[in-house]
Amino acid sequence: AQILQEAGLPDGVLNVVYGGGSEIGEGLLNHADIAGISFTGSSDIGSRIGEVCGKTLKRCSLELGGKNGQVVLKDANLEL
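If you want it as structure tokens, here you go:
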């Protein structure tokens, strides 16, 4: 987050919240001022997030079950 701020990203555009447990997660999911959720973790928790986001039409991005998606552009150095 600090690197993005130093690069000129305005305050409040990116917010990183660390924590654990369903209390924090449910609070974020159900808060009216939060328009989207990005989550990396278990499929069980991701399923719950998807369920709530689907009902409230909240945007979500889920990275679940260890399947790490990558975007590889045509100029990428594949020899790394």
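Take the position in the sequence shown, starting the count at 1, then add 1040; the result is the number in my numbering. C-beta atoms are modelled at their ideal positions from N, C-alpha and C, and glycine is treated no differently. Please read all numbers here as calculations on a predicted model, not as lab measurements.
Alpha carbon of Ser-1080 to alpha carbon of Leu-1054, nearest angstrom: Looking up residue 1080 in the sequence shown gives position 40. Looking up residue 1054 in the sequence shown gives position 14. A small fix is needed here, since residue 1080 is Thr in this sequence, not Ser. The alpha-carbon atoms of Thr-1080 and Leu-1054 are separated by roughly 16 Å.
Cutoff 6 Å; reference Leu-1069; Cβ partners in own chain excluding five residues on either side: On the sequence shown, position 29 is the one that residue 1069 refers to. These residues qualify, in order along the chain: Val-1092.
Whole-number beta carbon distance between Ser-1082 and Leu-1104, since they are thought to touch under 8 Å: Within the sequence shown, the letter at position 64 stands for residue 1104. Within the sequence shown, the letter at position 42 stands for residue 1082. With a Cβ gap of about 7 Å, Leu-1104 and Ser-1082 count as contacting.
Simplified DSSP state of Leu-1069, which is helix, strand or coil: Taking the first residue of the sequence shown as position 1, residue 1069 is located at position 29. When secondary structure is reduced to three states using DSSP, Leu-1069 falls in the helix class.
Three-way DSSP call (helix, strand, coil) for Gly-1090 in this model: Position 50 of the sequence shown holds residue 1090. Here Gly-1090 sits in helix by DSSP.
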